Every structure is written in C-alpha cells, then in structure tokens.
Amino acid sequence: MGREKWSSTTGFILASIGSAVGIGNIWRFPYIVGSNGGGAFLIPYLISVFLFGLPLMVLEFAIGRRTGTSVVAAFQSIRKRFSVAGFAVVAIVSLILSYYLVITSWVLAYACFFTFGRPMEFGAFTDSYLPLAFFLLSGLAVFATVRSGVREGIEKVARYLIPILVVILLVLVAFSLTEPGAPDGIRFYLSPDYSTLADPAVWTAAFGQAFFSLSVGMGVMLTYGSYLEKGNLFRSASVIAVADMLIAILAGFMIFPLVFTAGLDPAAGVNLAFVTLPSVFTEIRFGMVLGALFFAMLFAAALTSAVSMLEVPVATVMDSYGYPRRRATLLVFAVIMLLGLPSALSYTALELDLFGIPFLDLSDYVFGTVGLIVAGLIMSIVGGWFMDRARICGEIGGCGWQQRVYMVLIRYCVPAVLLITLVGSFLRVAG
Ligand code: PFF
2 MGREKWSSTT
12 GFILASIGSA
22 VGIGNIWRFP
32 YIVGSNGGGA
42 FLIPYLISVF
52 LFGLPLMVLE
62 FAIGRRTGTS
72 VVAAFQSIRK
82 RFSVAGFAVV
92 AIVSLILSYY
102 LVITSWVLAY
112 ACFFTFGRPM
122 EFGAFTDSYL
132 PLAFFLLSGL
142 AVFATVRSGV
152 REGIEKVARY
162 LIPILVVILL
172 VLVAFSLTEP
182 GAPDGIRFYL
192 SPDYSTLADP
202 AVWTAAFGQA
212 FFSLSVGMGV
222 MLTYGSYLEK
232 GNLFRSASVI
242 AVADMLIAIL
252 AGFMIFPLVF
262 TAGLDPAAGV
272 NLAFVTLPSV
282 FTEIRFGMVL
292 GALFFAMLFA
302 AALTSAVSML
312 EVPVATVMDS
322 YGYPRRRATL
332 LVFAVIMLLG
342 LPSALSYTAL
352 ELDLFGIPFL
362 DLSDYVFGTV
372 GLIVAGLIMS
382 IVGGWFMDRA
392 RICGEIGGCG
402 WQQRVYMVLI
412 RYCVPAVLLI
422 TLVGSFLRVA
432 G
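Every number in my numbering is 1 more than the matching position in the sequence shown, counting from 1.
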C-alpha cells in the first residue's frame, strides 16, 4: 500500500491550521499580550512568526515531502546516526501531548458543564476524580481520530471543526465588543507600552509563543508534509501562519471585554481559563450559552492540535517499525495515557507533585518550554546544516537569492533565536 495522502492542498492547510490553532492561541496568547506590553508585543511577535517560525515550518514541510516519511526515518535518510535525534524529537512531542491532553480534558469538562448549565468551581472539580474520567474521554477522541487515518480522520475532523471554530469565535467577538467592559478590556489588551520592547524577556516570550503556536520544530509539520504531493510550500505556510495569528489576536478581543464587563481581574495562566472565565460566564447575560460555545470552541482547537501531536509518534511507529496504523495508534495511545497519568493526577484529590510543583506545571516547563526549544534546535540544525541544499531548493522553488536568504535564516538566525529563548527560559526560572 502506498503512503497515505491529503485529499487536496486545502485539506492539508486545514489540518495544519488545526495543529497550529490550539489552546496556545485562544487562551495563552491573549494573556501573554496583556502582560507583555499590550499592543507593542505584536511587534516582536510578528517578527518571530514571519522571520523565524515560518521558515522553520517551510523547512519541515520540505523535509517531509522530500523524504516522504516521518521524523525518525527522515532524519535517518539525511544521516544514519541522526535517527537518535529523530527519536528525541518524537519523545518530546509525545511528552508535550501527555500533559496537553490533560488541559484538553478540562476544556471538555467545562464544555459539558456549561452545556448542561451547571458550571463547577475549578477547585471542586480538581478535588474530585472527574478530571480522570475526562482525561480518558478526550484521549479516546484523539485516538479515534488518528486511528481513522490521514484523510478520513485528521483531515476530515479539521475540515469540520476549523470552520465551526471560526464562526463561534466571530460570534463571541461580536457579542463581547457590544458589552459595557469592551473599551476597558481592549485598552488593557492592546494599549502599547513600547518601553517593554527594551526588555529581553518580552522578546523571548514572543519567540517561545510563536514557535509553540505555530507547532513548529516538533516534527508535526514534517509529518504532515510527508502526506503532501505538490504545491508551493511558502504559500501554504503563509496561509497557516496568518490564520494562526488572526485567530490568536481575535481571541483577545473576546476575552478581555468579557473579563472587564464582569469586573474581574485579568489573571494569567490556568486561572484565566478555568477560574476567571467560568465566573465571567456565570455573571454576564446569556452566560451559559456563551460559556458552552467558548469551551466547545476551545475543545475543537485543542483536539485538532492534540491529534497532530499524536500523529508524530504513530507515523514513526508505522514508518520505522512497519506497524499497521490501527495497531500503531493503539500502542502509542496506551503509552501517552500512561505518561500523562501523573500530570492528570496532579490536579485531582491526589495532588501528585515533584519537589512541591504539580506534575502538570513541571511538564509544561520541562517539555513544553525547554523541550520545545531543544526539538526546534534539533530540527533546524539537522535540516538546515545537514540536508543536501539542492534537495531543499528542489522543494522550495529553486536556488535563487530568495532561497539563499532563506538558508541564512534557517542556518543561523533560527538556531540563534532558539538558543536565546532557551537561555531566557532558564533565567526566568532562576529569577
Ligand atoms: N500549536 C498548538 C497550540 O497553539 O495550542 C500547540 C502545539 C501543537 C504545540 C503541536 C506543539 C505541537 F507539536
């Protein structure tokens, strides 16, 4: 049997948008903007997305399409001994998935609570064992999608969910902007404070957020590129990056007006999504419906991202060990659920932690922050320095001056920026 393929370029783009648009856009981006200089943050963010994130995305697509296989086998075809680096990337993305699924499952839980009109307080929720049930449930949804294959599973789910997500987001934004707290909310969100641009931490926050949000450096885009036959990679990557950015920016236009309307504090982190927003929805008019819509939208975004992460190890087991898709999916799913269990249990009555830090928070730092950067470094170095230049040029439309500029970005700028971000993330912890 030949390799599975997307049904069309549109299907491929939608699946990639599905991967890129996730919890990172709708919940993380707005509060990072709000706490890093408001509108001024858009400058480092735009630079990060288009100068560093987008080239890395194109590189991943190029490696995937050229080698026609997933991360480990692709790295192996570049240099035999690079398979170890490939496994490292697959391990990192699997570990990110293991805790990303936990947050996805909370989102699903809140979508259900609001649909039935009975929002639960976050503390009460995590004091119970309900999170475990939802962890299993959302894991099964991701499993079922990937098991159905590239076209019938991943692509189909994205084709349905992405348009629905956009419509819900537009409805929510339109509603929020007519609420009394809109002017204050938008002022908080976007009032530019240009002095923050002198702070290196703001720049590393922008780099980290851009790589996470675009799902680059993790082998996801490489794997998705391996199911692609033709088409201009720069054009596809630009569409994906612009869509990802617009959805992130729009999300802030719905969140802050609502928070300010309810007179609450625009908190950061877990509190914003699972404490502040639920109490906003219990206070404002049409709150139950809006809450149900919001969490359903967030679940759609999280599901398509989790699916893309699961596809990386599944495709690896298929390509490197010859397993059929169904068996590979079952095996990987079981491993991921086991890996995720400590994170899932860290926000239950059991309160599992390590050195006093909940397992989930620890995983977010070790894998989602440091691991993500390390994987990005591996990807840019293996692809940029060791893949035959002629092969890359063949994928990105020739070897003219544009491609030469591109190679400089990939070889020097992207690794440099990733290293700076890595140092920044260590300093944040030390400081
Ligand atoms: N891009 C996703 C988000 O913004 O939530 C998260 C993500 C997906 C990160 C896939 C990494 C990845 F490989």
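Virtual Cβ for every residue (Gly too), placed ideally from N, Cα, C.
Given the structure is predicted, the values throughout are model-derived calculations rather than measurements.
My output table needs one value for residue i: the three-state DSSP class, helix, strand or coil.
| i | result |
| --- | --- |
| Ile24 | helix |
| Pro193 | coil |
| Leu265 | coil |
| Asp389 | coil |
| Pro359 | strand |
| Asp354 | strand |
| Leu229 | coil |
| Tyr130 | coil |
| Lys81 | helix |
| Phe114 | helix |
| Pro181 | coil |
| Glu153 | helix |
| Met121 | coil |
| Asn272 | helix |
| Ile397 | coil |
| Ser9 | coil |
| Ser239 | helix |
| Phe287 | coil |
| Ser71 | coil |
| Gly3 | coil |
| Gly19 | helix |
| Gly292 | helix |
| Gly218 | coil |
Excluding the five sequence neighbours on either side, which residues of its own chain have a C-beta within less than 8 Å of the C-beta of residue i, listed in chain order?
| i | result |
| --- | --- |
| Phe212 | Ser49, Phe53, Gly54, Leu57, Gly218, Leu373, Ile374, Gly377, Leu419 and Thr422 |
| Ile93 | Met219, Phe368, Gly372, Leu373, Val375 and Ala376 |
| Cys400 | Arg390, Ala391 and Cys394 |
| Glu156 | Trp7, Ser8, Gly12, Phe13, Leu15 and Ala16 |
| Val158 | Gly19, Thr146, Leu304, Thr305 and Val308 |
| Gly140 | Leu102, Ser106, Phe334, Ile337, Met338 and Gly341 |
| Leu251 | Leu170, Leu171 and Val174 |
| Trp386 | Arg412 |
| Tyr407 | Pro56, Val59 and Ile397 |
| Phe30 | Gln210, Ser214, Ala249, Ile250, Ala252 and Gly253 |
Who are the Cβ neighbours of residue i in its own chain at under 6 Å, not counting the five residues just before and after it?
| i | result |
| --- | --- |
| Ser78 | Thr68 |
| Gly425 | Thr205 |
| Gly25 | Phe213 and Ser214 |
| Phe254 | Val174 |
| Phe123 | Phe275 and Val276 |
| Ile97 | Phe368 and Gly369 |
| Ala329 | Val315, Val318 and Met319 |
| Val143 | Ala307, Val308 and Leu311 |
| Leu259 | Ser177 and Val281 |
| Leu353 | Pro343, Leu346, Ser347 and Phe360 |
| Ala110 | Phe135 |
| Trp28 | Ala274 |
| Ser321 | Val73 and Ala74 |
Can you tell me where the alpha helix (DSSP H) holding residue i begins and where it ends?
| i | result |
| --- | --- |
| Met222 | Val221 to Gly226 |
| Lys157 | Lys157 to Leu178 |
| Trp402 | Trp402 to Val409 |
| Pro279 | Leu278 to Glu284 |
| Arg66 | Leu55 to Thr68 |
| Phe208 | Pro201 to Leu215 |
| Phe30 | Phe30 to Ser36 |
| Phe51 | Careful: Phe51 lies outside any alpha helix (DSSP H) and carries neither H nor E. |
| Ser426 | Val415 to Ala431 |
| Ala376 | Leu373 to Ile382 |
For the putative contact between residue i and residue j, defined by C-beta atoms under 8 Å, what is the C-beta separation to the nearest angstrom?
| i | j | result |
| --- | --- | --- |
| Phe76 | Ala63 | That pair is no contact at about 14 Å. |
| Phe296 | Ala112 | 4 Å |
| Ala207 | Tyr46 | 5 Å |
| Leu191 | Gly40 | 4 Å |
| Ile411 | Gln404 | Not confirmed; about 10 Å, so no contact. |
| Gly65 | Thr224 | 6 Å |
| Met289 | Phe115 | 6 Å |
| Ile44 | Leu229 | Rounded, the Cβ-Cβ distance is 32 Å, inconsistent with contact. |
| Pro120 | Pro267 | Between Pro267 and Pro120 the Cβ distance is about 19 Å, and since that is not below 8 Å, they are no contact. |
Please list, in chain order, all residues of the same chain as residue i whose beta carbon is under 7 Å from its beta carbon, the five residues on each side excluded.
| i | result |
| --- | --- |
| Leu127 | Reading the sequence as shown, one finds Thr at residue 127 and not Leu. Excluding positions up to five away in sequence, the list reads Tyr348 and Thr349. |
| Ala21 | Ser214, Leu215, Ser216, Ile241 and Asp245 |
| Val91 | Val72, Val73, Gly220, Val313, Pro314 and Thr317 |
| Ile165 | Ala301 |
| Leu363 | Leu355 |
| Thr262 | Glu180, Pro181, Gly182 and Ile285 |
| Ile382 | Pro416 |
| Glu61 | Val217, Met222, Leu223, Gly226 and Met380 |
Practice problem: Write down every uninterrupted run of the alpha helix (DSSP H) in the stretch 307 to 352 whose length is 4 residues or greater and which is fully enclosed by it, in chain order. | Solution: If we require 4 residues or more, the alpha helix (DSSP H) runs fully inside the stretch 307 to 352 come out as 326 to 347.
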